[in-house]
Amino acid sequence: MHRDLSIPQHVAIVMDGNGRWAKKRFLPRFFGHKAGVDALIRIIDACADRGIRYLTVFAFSSENWKRPADEVSGLMGLVLVAQAKYMQKMVGNGVRVVIAGDREAVSDRLRKAWNDVEEATKSNHRLTLTVAFNYGGRWDMVQACRRAVADGLKPEQIDEEALSRYMAMGHAPDPDLFIRTGGEVRISNFLLWQAAYSELLFTDCLWPDFGEAELDAALAAYAGRERRFGALNMGAAAHPA
Numbered sequence: 005m006h007r008d009l010s011i012p013q014h015v016a017i018v019m020d021g022n023g024r025w026a027k028k029r030f031l032p033r034f035f036g037h038k039a040g041v042d043a044l045i046r047i048i049d050a051c052a053d054r055g056i057r058y059l060t061v062f063a064f065s066s067e068n069w070k071r072p073a074d075e076v077s078g079l080m081g082l083v084l085v086a087q088a089k090y091m092q093k094m095v096g097n098g099v100r101v102v103i104a105g106d107r108e109a110v111s112d113r114l115r116k117a118w119n120d121v122e123e124a125t126k127s128n129h130r131l132t133l134t135v136a137f138n139y140g141g142r143w144d145m146v147q148a149c150r151r152a153v154a155d156g157l158k159p160e161q162i163d164e165e166a167l168s169r170y171m172a173m174g175h176a177p178d179p180d181l182f183i184r185t186g187g188e189v190r191i192s193n194f195l196l197w198q199a200a201y202s203e204l205l206f207t208d209c210l211w212p213d214f215g216e217a218e219l220d221a222a223l224a225a226y227a228g229r230e231r232r233f234g235a236l237n238m239g240a241a242a243h244p245a
C-alpha cells in the first residue's frame with residue numbers, strides 16, 4: 005500500500021504563545037500552559053485521524069530553565085497532572101509516547117512518570133508522540149557524539165546515518181513539516197539536525213487556539229509545496245538552465 009505523500013509522515017510543532025494567550029485574558033501564565041495541554045490532546049487525535057504517524061512537540065527547552073522559578077515549577081507539576089489524566093487515553097487510542105531530552109536535570113518523580121508512560125504505551129503503533137522536554141538541538145548533537153565515542157566508534161565510522169541513530173530522535177524519521185505557532189519566525193534550537201529538509205510553516209495563531217482548522221490549513225500548505233531535497237524537479241531536469 006502506497007503512502008499518500010501529500011500527508012506528512014512526521015509533523016514537528018513548537019507550541020508557542022501560551023503565555024500571551026493567558027495575558028490577553030488577564031490570566032496567570034500557568035492557565036495558558038494548561039490550555040496548551042488541552043490543545044495538544046486535540047491535535048494528537050487530529051493527527052492520528054489524518055494518517056500522520058509521528059508528532060513531535062517542543063514542550064520545554066533547555067533554555068526554559070531561565071524562566072521564573074514559579075513558572076518552571078508550575079510546568080513540572082502540569083506534566084505530572086497531564087500524565088496522570090491522559091495516560092490511559094493514550095494507551096486506548098494507540099498512541100506511543102516517547103520523551104526526548106536530558107533527564108538528569110528533572111526530579112526523580114518526573115523521570116518515573118516518563119518511564120511509566122513510555123512503558124505503558126510502548127506497544128502502540130497508531131501514532132508516536134515525542135515530547136521534547138529539557139531538549140535542545142545542540143545538546144542532541146553533543147550527546148549523540150558522546151554516545152558514539154563511548155560505544156567505540158572510530159572517526160571513519162561516524163557518518164550522518166550512524167550519528168542519526170544516536171540522536172534523541174533516533175526512533176523517528178526526520179520531520180516533513182515543522183510548524184511554529186505564536187508568530188515568531190525562528191526554530192529556537194529545536195531539531196536542528198533533523199529539520200535540515202523540513203518544510204517550515206509559521207503561524208500567528210497562539211498555541212491554545214490551534215485546532216483542527218489550523219492543522220488542516222498547515223497540511224494544505226504542505227501539500228502545495230514541492231520537496232526536492234536539493235535536487236531539480238522533473239520539469240527543471242528536462243529543461244536545464
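Count along the sequence shown starting at 1, add 4, and that's the number in my numbering.
Just so you know, even glycine gets a beta-carbon here, dropped at the ideal spot from N, CA and C.
Discussion item. Give me, in chain order, the residues of the same chain whose beta-carbon lies closer than 8 angstroms to that of D42; leave out the 5 immediate sequence neighbours on both sides.
Written reply: P212
Worksheet item: Per the contact definition of three or more C-beta pairs closer than 8 angstroms, is the segment 17-31 in contact with the segment 99-119?
Response: no
Fill in: Supposed contact pair I48 and P12 - C-beta distance, whole angstroms, cut 8 angstroms
With 8 angstroms as the limit, P12 and I48 do not qualify as a contact, their Cβ atoms being about 15 angstroms apart.
Item to complete: Report yes if the C-beta distance between A50 and E216 is below 7 angstroms; otherwise report no.
Response: yes
Worksheet item: Taking just the CA atoms, how far does I103 sit from F182?
Response: 18 angstroms
Worksheet entry | Beta-carbon spacing of T207, D20 below 7 angstroms | no
Item to complete: Since I believe N138 is in contact with D106 (beta carbons under 8 angstroms), could you give me their beta-carbon distance rounded to a whole number of angstroms?
Response: 5 angstroms
Worksheet item: For the putative contact between Y58 and A176, defined by C-beta atoms under 8 angstroms, what is the C-beta separation to the nearest angstrom?
Response: 5 angstroms
Worksheet item: Do F62 and F214 have their C-beta atoms within less than 7 angstroms of each other?
Response: no
Worksheet item: From which residue to which residue does the beta strand (DSSP E) around R169 run?
Response: No beta strand (DSSP E) contains R169, which is instead part of the alpha helix (DSSP H) from E164 to Y170.
Discussion item. Does the segment 116-124 come into contact with the segment 138-156, if we say contact requires no fewer than three beta-carbon pairs (one atom in each stretch) closer than 8 angstroms?
Written reply: no
Fill in: 8 angstroms Cβ shell around M80 - same chain, five flanking residues per side excluded
V110, S111 and L114
Worksheet item: Relative to the alpha-carbon of T60, which residue among L167, A222, K89 and T134 has its alpha-carbon at the smallest distance?
Response: T134
Discussion item. Are the CB atoms of A16 and P159 within a distance shorter than 7 angstroms?
Written reply: no
Worksheet item: Under three-state DSSP, which class holds P244?
Response: Bear in mind that a pLDDT of 41 at P244, under 50, signals an unreliable position, so the number given afterwards is only what the model happens to contain. Of the three classes helix, strand and coil, the one that applies to P244 here is coil, per DSSP.
Item to complete: Provide the residue span of the alpha helix (DSSP H) that contains A227, from first to last.
Response: E216 to A227
Worksheet item: Near A222, which residues of its chain fall below 6 angstroms by C-beta distance, leaving aside the five closest residues on each side in sequence?
Response: I183 and L205
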